[in-house]
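> Sharing a structure with you now.
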Amino acid sequence: MSEVTQNAPTSQVVNLQAEKLISDKPVTLWGTARRRLFKRKSAILGMVVLSILVFIAIFAPLLAPYDPLQVLIGVEKVKARQAPCIHLLGCPADQPQHLMGIDGNVRDEFSRVLYGARLSLIIGFTTVSFAIIIGTTIGALAGYLGGSVDNVLMRFMDVLLAFPSLLLAIALVTSLGPGLTNALLAIGIVSIPAFARVTRSAILTTREMDFVAASRALGASTSYILFQRILPNSLTPLIVIGTLGIATAILDAAALSFLGLGAQPPTPEWGSMLSAERNQVFTAPYLVVYPGLFIMLVVLSFNLLGDGLRDALDPRLAMKSR
Amino acid sequence: MLTFILRRILSSIPVLFGILVVTFILARALGDPCRAMLGEKATPEVCAEFNRRYGFDQPILTQFMTYMGQIARGDFGVSIRYGRPVTEMMIERLPTTLELAFAAMFFAVLLGIPLGIISAVRQNSSVDIGTMLVANIGISMPVFWLGLMLAYLFALVLKGTPFQLPPSGRLSPGMSPDPFFVVWGLKATSQGLTSIFEFISRFNMLNAILIWRWDVFLDAVKHIILPAIAVGTIPLALIARMTRSSMLDVLGTDYIRTARAKGASRYSQVMKHSLRNALLPLVTIIGLSLGSLLAGAVLTETIFNLSGVGKILYDAITARDYIIVQSFTVVIAVFFVILNLIVDISYIYLDPRVRLD
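Chains as they are written, first to last, in this note's numbering: chain A, 1 to 322; chain B, 1001 to 1357.
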């Protein structure tokens, strides 16, 4: 741009800009956000990694050479915790190929890791969807109704926020009983306050705007104003913390499974796979490395994407966080 | 000033009460404690006896009042698995966890702040991009996995090199230093004093300094490095990110431009004019990170075989000893609220701009 200004007369620049404006499609919030998002390399990296993981999750049955639950005793000549055998790296061709080795129960680690992607993404999306639905409802009611409803709901959220999230989840699952469903419920519950708070503060700013007053003047009902007018305009911060929330949820779920409170064996869940083989880290490190690496990749991709979305959707925050 | 502090303290009382209510509901009302603890062994007869013994057959309100009374006296009940008072077990194990938390925080602050400053000063350089990528990876790693990987790397791969570090325990086998009060020949005059002495002596590094045994001190340091890195990585990443963004804010202000205009060196611009103001938000981050440190301790102490509070919680979870789990949750949450209180109050001193109304 600066080159053009130096070399060309001003009128020409104005013309060029005007032409660009006319030829461009109308600028929308989402259009601008998408452009900004694709400008950030880290966000693109996050999206690429995430796409690969989603692909793995969807096509796990086609990609995995074995059934993740199949015990290979009697099927192949393999031992428990056998090291990886990769034909390309010089493993004899007459031996069956196992890219990440064999786990302690004589199952193919690679297939289990691939299927783990499925569970991990499902965990992330279900817990955050649950938290968003409940959290936005609480936040919307508190923000819109105000007064004592606001006070009671938000003080309750403050109490939940007073606990470190993982510890509250641990306490919840211990009382509900271990298992994947209860772990998901616990993680969903501990994520609610963040969404409630963000929705409430977004609504507090939006509800004073003229278009809301106009709707009210036209006689629209409270629920119409809330769900059709105010909430859609408070959506952007929710998308950002939703994405970052998925990362936290996956990490917490892995931790719960590691503690034996989440997914139970033989479910191919990365956290519980790690937990099962953690004492073998010195003898069979490959059984510990890969599940953890995949947890890190999926969490990292959501974190990078979330950061990118924040910068793309809220230019004011972008200046700060950069 | 005093009224502000007082009002702030009063305002946290409802939250503290809420914490007690939530943990109580979690433990008593939500689940069936008998079924949760005994699992398949929980037949109706066994459960009736169990409920009678632990008072679960009382009306829920009576149970709640008893519970509140106990907590007010600092009595968290008796562990079902160990048969010992939970408070006693916690105090006994607390030094290990606190030592780990301090070491982790030391590591995080020592590395995080300089990295954040360098990233901000050299914005968009390769150092900056590298640091931020590593920080992102740091907050994306499961703490327990990082711990296992560190143990593998430093205890096995680097075995025989000067970088070899022990993967478990607090001190090498055979190294059992006397507590400082024995070495000093102190005679405690009361039971309370004895427990305070014992508490202090359980901080291995502090005790080693007090008895002037540098070999013990070094050994303790060597043992704590790996767990401290594992637990400290998330706070490190958060601190580096926060330092960077708040430094960037300050570096863009008018008074820094003025400093530049009057000819202040780059060093003085950054270290003298910017850093003090940029570090303010860090107080909050460091305060909040302590929460993640304690959660990290639950996952890390087991891996490094440290017998701290986190290890008890882990064992309690596997043994379904929910009295320990519940007490631990209460203590940590209360600790967290107090920490927030301290952070808020410290702001009055640190930042004259904070208005007391």
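Don't be surprised by glycine CBs; every beta carbon is placed ideally from N, CA and C.
#1: Since Pro1014 (chain B) sits in a beta bridge, which residues does DSSP pair it with?
#2: Could you name each continuous alpha helix (DSSP H) segment of 4 residues or more that falls completely within the segment 1004–1090 of chain B, going from the start of the chain to the end?
#3: Is Glu76 (chain A) helix, strand or coil by DSSP?
#4: On a CA-only basis, which of B:Val1109, B:Leu1210 and B:Lys1159 is nearest Val1283 (chain B)? Give me that one, please.
#5: State the CB to CB distance for the pair Ser1274 (chain B) and Ile1256 (chain B), rounded to an integer number of angstroms; the pair is presumed to be in contact (CB under 8 angstroms).
#6: What alpha helix (DSSP H) runs, 4 residues minimum, are completely inside the segment 80–145 of chain A?
#7: At 8 angstroms on the CB atoms, spell out the chain A contacts of Asn1136 (chain B), in chain order.
#8: Is it true that the CB of Pro268 (chain A) sits closer than 9 angstroms to the CB of Tyr115 (chain A)?
#9: Can at least three beta-carbon pairs, one atom from the segment 275–292 of chain A and one from the segment 1140–1159 of chain B, be found at a separation below 8 angstroms?
#10: According to DSSP, is Glu1092 (chain B) helix, strand or coil?
#11: Cα-Cα, which of A:Ala169, A:Leu145, A:Ile170 and A:Gly139 is closest to Phe156 (chain A)?
#12: Count the C-beta pairs between the segment 208–226 of chain A and the segment 183–192 of chain A that are closer than 8 angstroms, then say yes if the count reaches three, no if not.
#13: Determine the extent of the alpha helix (DSSP H) in which Met1175 (chain B) is found, giving its start and end residues.
#14: Are at least three pairs of beta-carbons, each pair with one atom in the segment 299–314 of chain A and one in the segment 1176–1194 of chain B, less than 8 angstroms apart?
#15: Can you check whether the CB of Ala1297 (chain B) is closer than 9 angstroms to the CB of Ile1139 (chain B)?
#16: Near Arg1353 (chain B), what residues of its chain come up, given a Cβ to Cβ distance below 6 angstroms and the 5 sequence neighbours on each side ignored?
#17: Would you say Leu1111 (chain B) reaches chain A, if we count a Cβ-Cβ gap shorter than 9 angstroms as a contact?
#18: In chain order, what residues of the same chain lie with their CB nearer than 6 angstroms to the CB of Tyr66 (chain A), ignoring the 5 residues before and after it?
#19: List the residues of chain B whose Cβ lies closer than 8 angstroms to the Cβ of Phe258 (chain A), in chain order.
#20: With burial defined as no fewer than 16 other Cβ atoms inside 10 Å of the residue's Cβ, what is the status of Met154 (chain A): buried or exposed?
#21: Can you say whether Val1157 (chain B) is buried or exposed, counting buried as having 16 or more other CB atoms within 10 angstroms of its CB?
#22: Check the Cβ-Cβ distances between Arg1257 (chain B) and every residue of chain A, and say whether any is below 9 angstroms.
#23: Which class does Ala284 (chain A) belong to by DSSP, given the choice of helix, strand or coil?
#24: In whole angstroms, give me the CA-to-CA distance for Leu119 (chain A) and Ser257 (chain A).
#25: Could you give the first and the last residue of the continuous alpha helix (DSSP H) run that contains Glu277 (chain A)?
#26: Compare the C-alpha of Ser343 (chain A) against each of A:Arg278, A:Thr283, A:Ser201 and A:Leu251 and name the closest.
#27: Going by DSSP in three states, Arg216 (chain A) sits in which element: helix, strand or coil?
#28: Can a CB atom of chain B be found closer than 9 angstroms to the CB of Ala312 (chain A)?
#29: Please classify Val27 (chain A): is it buried, with 16 or more other beta-carbons within 10 angstroms of its beta-carbon, or exposed?
#30: Does any residue of chain B bring its CB to less than 9 angstroms from the CB of Ser129 (chain A)?
#31: Just how far apart, CA to CA, sit Arg1202 (chain B) and Tyr1082 (chain B)?
#32: Using the beta-carbon count (16 or more within 10 Å), is Glu208 (chain A) buried or exposed?
#33: Please report whether the beta-carbon of Thr1066 (chain B) lies at a distance below 9 angstroms from any beta-carbon of chain A.
#34: Output, in chain order, the set of chain B residues within a Cβ distance shorter than 8 angstroms of Leu274 (chain A).
#35: Give the single residue among B:Ser1172, B:Gly1055 and B:Ser1126 whose Cα lies nearest to the Cα of Asn1305 (chain B).
#36: Is it true that the CB of Ile1113 (chain B) sits closer than 9 angstroms to the CB of Thr1131 (chain B)?
Answer, in terms of the structure:
#1: Pro1014 (chain B) is not bridged to any residue.
#2: Taking 4 residues as the shortest admissible run, the segment 1004–1090 of chain B contains the following complete alpha helix (DSSP H) segments, listed from N- to C-terminal end: 1013–1024, 1033–1038, 1044–1054 and 1060–1072.
#3: Here Glu76 (chain A) sits in strand by DSSP.
#4: Closest in alpha carbon position to Val1283 (chain B), among B:Val1109, B:Leu1210 and B:Lys1159, is B:Val1109.
#5: Confirmed, Cβ separation roughly 6 angstroms.
#6: Counting whole runs of 4 or more residues, the segment 80–145 of chain A contains the alpha helix (DSSP H) stretches 109–145.
#7: Against chain A, the beta carbon of Asn1136 (chain B) has neighbours under 8 angstroms at Ser42, Leu300, Asn303, Leu304 and Asp307, listed in chain order.
#8: Closer than 9 angstroms, so yes.
#9: Contact between the segment 275–292 of chain A and the segment 1140–1159 of chain B is present: three or more C-beta pairs spanning the two stretches fall below 8 angstroms.
#10: Three-state DSSP puts Glu1092 (chain B) in a helix.
#11: Ranking A:Ala169, A:Leu145, A:Ile170 and A:Gly139 by CA distance to the CA of Phe156 (chain A) puts A:Gly139 first.
#12: Counting Cβ pairs under 8 angstroms, fewer than three are found: no touch.
#13: Neither: Met1175 (chain B) is in no alpha helix (DSSP H) and is coded neither H nor E.
#14: Between the segment 299–314 of chain A and the segment 1176–1194 of chain B there are fewer than three inter-stretch CB-CB distances shorter than 8 angstroms, so the stretches are not counted as touching.
#15: No, the Cβ-Cβ distance between Ile1139 (chain B) and Ala1297 (chain B) is not below 9 angstroms.
#16: Result list for Arg1353 (chain B): empty, nothing under 6 angstroms.
#17: So, not an interface residue.
#18: The answer, listed in chain order, is Asp108 and Ser111.
#19: Per Cβ cutoff of 8 angstroms: Pro1142, Phe1144 and Leu1299.
#20: Around the CB of Met154 (chain A), 16 or more other CB atoms lie within 10 Å, so the residue is classed as buried.
#21: Looking at its Cβ environment, which holds fewer than 16 other Cβ atoms inside 10 Å, Val1157 (chain B) is exposed.
#22: Look at Arg1257 (chain B): its C-beta is not under 9 angstroms from any C-beta on chain A.
#23: DSSP places Ala284 (chain A) in coil when its eight states are reduced to three.
#24: If I take the Cα positions, the gap works out to 12 angstroms.
#25: Residue range Trp270 to Glu277 is occupied by the alpha helix (DSSP H) that includes Glu277 (chain A).
#26: The first residue shown for chain A is 1 and the last is 322, placing residue 343 (chain A) beyond what the model contains.
#27: Here Arg216 (chain A) sits in helix by DSSP.
#28: For Ala312 (chain A), the closest Cβ of chain B is not nearer than 9 angstroms.
#29: Val27 (chain A) is exposed by the Cβ-count criterion.
#30: Cβ-Cβ to chain B under 9 angstroms: no for Ser129 (chain A).
#31: If you take the alpha carbons of Arg1202 (chain B) and Tyr1082 (chain B), they lie about 21 angstroms apart.
#32: Exposed, since its Cβ has fewer than 16 Cβ neighbours within 10 Å.
#33: False, the Cβ-Cβ gap to chain A never drops below 9 angstroms.
#34: Near Leu274 (chain A) (Cβ distances below 8 angstroms), the residues of chain B are Pro1142, Phe1144, Trp1145 and Leu1148.
#35: For the residues B:Ser1172, B:Gly1055 and B:Ser1126, the minimum Cα distance to Asn1305 (chain B) belongs to B:Ser1172.
#36: Not in contact: Thr1131 (chain B) and Ile1113 (chain B) (Cβ atoms no closer than 9 angstroms).
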